[in-house]
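A.B. asks: Residue numbers (the working numbering): 188 to 687.
For each residue, glycine too, the CB sits at the ideal point set by N, CA and C.
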């Protein structure tokens, strides 16, 4: 009996029908037709089966696992070969490099740009690839990021013709809507480092880039918003048109602030402090940032803590909500003070002096700052020394521990006062008048201060001259006081004659 007879013998009625020769032959022929068709087509056999291991009409072929896997592989290959995108039109360019393992060329190009070891290699790569269809917004972003890296090591030459091509390609990509929100943010961030080196070559692309960032701010994530507003704050003096992006970014920050990490929050708050005068709309972002800081302050490094305290001192009058961040920052400062550089120490002490009345919790940071200053004072700039000296005068009653920093500061003032501008010199002069009773040693640097005050009188305005007159009187420098009063009189006389 044939295999078909055996299979169908399980059904009694069918067995009886198979006893009829004509009917049996017809059944065999019906079952054989699909097999014959498959043999002609070259496809693998799978007739009569509706699922893995399930046979029609109770017949099980006992097919091995190896044969089933082979069938699946053949079917997949046939599907791929029938895909019209796999040959001819629409085929993506792939790298011919053995190291690429056949990856799509755009991915390989990104890797090459990021991995360029020198400016010469990056320039050669861009010369060949910049105007090709494969060069996309990811490559543009990677290019500017790499240029920023090389510019930090060695200033880029503005005379390279490639920069004009790069600016043109950027402008065209922006006009065609081919720059993503992240790409726009990355390019703007990189502009901080490269725009001056590239000179006027980037002028044609900067305005479209600003508009692009403004339009795409709503789709930026927390990281890109932070980078963009930091870049705007840094570029505002050299590229005032960048201020157009600030309002759009500030409106988006409250919805994304909770997603920011500690560095993002610090950068945004610092940027708000830098931008508040030129673009007050930025203050709309401050309350949401301030609310995030208590949960993130313990994760901040020393620079981020310093930047946030400085920003809080700058913003407190225009946006008092920022003071909600101060207590948590002050509690973190003692653990971070040893790691701070001289500039960060100066900023923190200055901020504590400015904030103490509105948020006394900030005084918890003062003692640790004062203990660290003697080891860093010799590296301080004239402005840093002046700020610390002024802060010590403001804090001496509320936190006497600050006076421990004065010997090293006094010594540094004697070395740096001749390089101070009129504001820093006057600040030291006024602070000396306030500190002389508690710490008479500050008078050791008085001769150098007086000499610098005389040299910078011409640069002082009337209000600054009046402060200098008060300090000179407190310090018993009556000759200097008389000279300053004479200067004030001369400044006022021309305006009085004009009024007559």
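1. Report the three-state DSSP secondary structure of residue 326 (helix, strand or coil).
2. Should residue 676 go down as buried or exposed, given a rule of 16 or more other Cβ atoms within 10 Å for buried?
3. So the candidates are 353, 441 and 624; which of them puts its Cα closest to the Cα of residue 580?
4. Can you find a CB in chain D that lies within less than 8 Å of the CB of residue 501?
5. What are the start and end residues of each continuous alpha helix (DSSP H) run of 4 or more residues lying completely inside the segment 423-501, in chain order?
6. Rounded to the nearest angstrom, what separates residue 299 and residue 306 at their Cα positions?
7. Looking only at its chain, what residues have a beta carbon closer than 7 Å to the beta carbon of residue 345, apart from the 5 residues adjacent to it on each side?
8. Is DSSP giving residue 367 helix, strand or coil here?
9. How should residue 304 be labelled, buried or exposed, when 16 other C-beta atoms within 10 angstroms of its C-beta is the threshold for buried?
10. Quick one: what does DSSP say residue 503 is sitting in, helix, strand or coil?
11. According to DSSP, is residue 382 helix, strand or coil?
12. Can you check whether the CB of residue 510 is closer than 8 Å to the CB of residue 546?
13. Hey, how far is the Cα of residue 517 from the Cα of residue 621?
14. Identify the continuous alpha helix (DSSP H) that holds residue 360 and give its terminal residues.
15. Rounded C-beta distance between residue 688 and residue 542? I'm assuming under 8 Å.
16. Along the alpha helix (DSSP H) that carries residue 661, what are the first and last residues, could you check?
17. Please go through the same chain and pick out, in chain order, the residues whose beta-carbon is closer than 7 Å to the beta-carbon of residue 429, but skip the five residues on each side of it.
18. Taking residue 599 as part of the alpha helix (DSSP H), name the residues at either end of that continuous run.
19. Residue 380 and residue 338: beta carbons closer than 8 Å?
20. Which of helix, strand or coil does DSSP assign to residue 389?
21. For a test of the three-state rule: what should DSSP assign to residue 633, helix, strand or coil?
22. Can you give me the Cβ contacts of residue 301 inside the same chain, cut-off strictly under 6 Å, excluding the 5 residues immediately before and after it?
23. Alpha helix (DSSP H) containing residue 345: first to last residue?
24. Are there any heavy atoms of the ligand GTP lying less than 7 Å away from the beta-carbon of residue 331, as far as the coordinates show?
25. Can you tell me the Cβ-Cβ gap for residue 377 and residue 334, rounded? I've got them flagged as a contact below 8 Å.
26. Could you say which of 609, 487, 544 and 558 lies nearest to residue 573 if we only look at CA atoms?
27. For the alpha helix (DSSP H) that contains residue 552, what are its first and last residues?
28. In its own chain, which residues sit with a C-beta less than 8 Å from the C-beta of residue 599, not counting the 5 before and 5 after it?
29. Identify, in the order they occur along the chain, each residue of the same chain with its Cβ nearer than 8 Å to the Cβ of residue 462, setting aside the five sequence neighbours on each side.
30. So, is residue 493 buried or exposed, given that buried needs 16 or more other C-beta atoms within 10 angstroms?
31. Taking all protein chains shown into account, do 16 or more other C-beta atoms lie within 10 angstroms of the C-beta of residue 367, making it buried, or fewer, making it exposed?
32. Return the Cβ separation of residue 323 and residue 293 in integer angstroms, given the expectation that the two are a contact with Cβ distance under 8 Å.
33. Which of the three DSSP states is assigned to residue 402 in this structure?
34. Starting from the C-beta of residue 475, find all residues in its chain whose C-beta is less than 6 Å away, skip the five residues before and the five after it, and write them out in chain order.
35. For residue 679, does the count of other Cβ atoms within 10 angstroms reach 16, so buried, or fall short, so exposed?
36. My output table needs one value for residue 667: the three-state DSSP class, helix, strand or coil.
C.D. replies: Quick look at the numbers:
1. Residue numbering aside, residue 326 sits at position 139 when the chain shown is read from its first letter. If DSSP states are grouped into helix, strand and coil, residue 326 belongs with the helices.
2. Taking the chain shown and counting its residues from 1, one reaches residue 676 at position 489. Per the 10 Å Cβ criterion, exposed.
3. Position 393 of the chain shown, counting from 1, holds the residue named residue 580. By alpha-carbon distance to residue 580, the top candidate from 353, 441 and 624 is 624.
4. This model lacks chain D altogether, as it is built from one protein chain only.
5. 433-443, 449-462 and 473-483
6. For this step, residue 299 is matched to residue 112 along the chain shown. For this step, residue 306 is matched to residue 119 along the chain shown. Their Cα atoms are separated by approximately 13 Å.
7. Here residue 345 refers to the residue found at position 158 when the chain shown is read from its first residue. The residues are 384, 385, 386 and 388.
8. On the chain shown, residue 367 is found 180 positions in, with the first residue counted as 1. The answer is coil: DSSP assigns residue 367 none of H, G, I, E or B.
9. Position 117 of the chain shown holds residue 304. So residue 304 ends up on the exposed side.
10. The sequence position of residue 503 within the chain shown is 316, counting from 1. The answer is coil: DSSP assigns residue 503 none of H, G, I, E or B.
11. In the chain shown, residue 382 corresponds to position 195, counting from 1. Three-state result, residue 382: coil.
12. Indexing the chain shown from 1 puts residue 546 at position 359. Indexing the chain shown from 1 puts residue 510 at position 323. Cβ distance < 8 Å, so residue 546 and residue 510 count as in contact.
13. Within the chain shown, numbered from 1, the residue matching residue 517 stands at position 330. Within the chain shown, numbered from 1, the residue matching residue 621 stands at position 434. Distance between the alpha carbons of residue 517 and residue 621: 26 Å.
14. Along the chain shown, one-based indexing puts residue 360 at 173. Residue 360 -> alpha helix (DSSP H) spans 349-362.
15. Not covered by the structure: residue 688. The range shown for the chain is 188 to 687.
16. If you number the chain shown from 1, residue 661 lands on position 474. First-last of the alpha helix (DSSP H) with residue 661: 649-661.
17. Numbered from 1 along the chain shown, position 242 holds the residue referred to as residue 429. For residue 429, where only same-chain residues beyond five positions count, the Cβ hits under 7 Å are 397, 419, 422 and 423.
18. Taking the chain shown and counting its residues from 1, one reaches residue 599 at position 412. Note, residue 599: alpha helix (DSSP H), 593-603.
19. Taking the chain shown and counting its residues from 1, the one referred to as residue 380 is at position 193. Taking the chain shown and counting its residues from 1, the one referred to as residue 338 is at position 151. A contact, by the Cβ cut-off of 8 Å.
20. By 1-based counting over the chain shown, the position of residue 389 is 202. Under the three-state reduction of DSSP output, residue 389 falls in the helix class.
21. Within the chain shown, the letter at position 446 stands for residue 633. In the structure shown, residue 633 sits in a helix (DSSP, three-state: H, G or I).
22. In the chain shown, residue 301 corresponds to position 114, counting from 1. Excluding residues within five positions, the ones whose Cβ falls inside 6 Å are 329.
23. Position 158 of the chain shown, counted from the start, is the residue given in the question as residue 345. DSSP places residue 345 in no alpha helix (DSSP H); its state is neither H nor E.
24. No copy of the ligand GTP appears in this structure; indeed no ligand is present at all.
25. Translated into positions along the chain shown, residue 377 becomes position 190. Translated into positions along the chain shown, residue 334 becomes position 147. 7 Å between Cβ atoms; contact.
26. For the purposes of this step, residue 573 is identified with residue 386 of the chain shown, where counting begins at 1. For residue 573, the nearest C-alpha among the options comes from 609.
27. As a position in the chain shown, residue 552 is number 365, starting the count at 1. No alpha helix (DSSP H) contains residue 552, which DSSP labels as neither H nor E.
28. The residue you call residue 599 lines up with position 412 of the chain shown. Here the set comprises 564, 565, 567 and 572.
29. Residue 462 sits at position 275 when you count from the first residue of the chain shown. Result list for residue 462: 416, 419, 420, 423, 430, 433 and 469, in chain order.
30. Looking up residue 493 in the chain shown gives position 306. Buried, since its Cβ has 16 or more Cβ neighbours within 10 Å.
31. Against the chain shown, residue 367 aligns to sequence position 180. Label assigned to residue 367: buried.
32. Taking the first residue of the chain shown as 1, we reach residue 323 at position 136. Taking the first residue of the chain shown as 1, we reach residue 293 at position 106. With a Cβ gap of about 6 Å, residue 323 and residue 293 count as contacting.
33. For this step, residue 402 is matched to residue 215 along the chain shown. Here residue 402 sits in helix by DSSP.
34. Looking up residue 475 in the chain shown gives position 288. 441 and 444.
35. Taking the chain shown and counting its residues from 1, one reaches residue 679 at position 492. Exposed is the call here.
36. Stepping through the chain shown from its first residue, residue 667 is reached at position 480. Here residue 667 sits in helix by DSSP.
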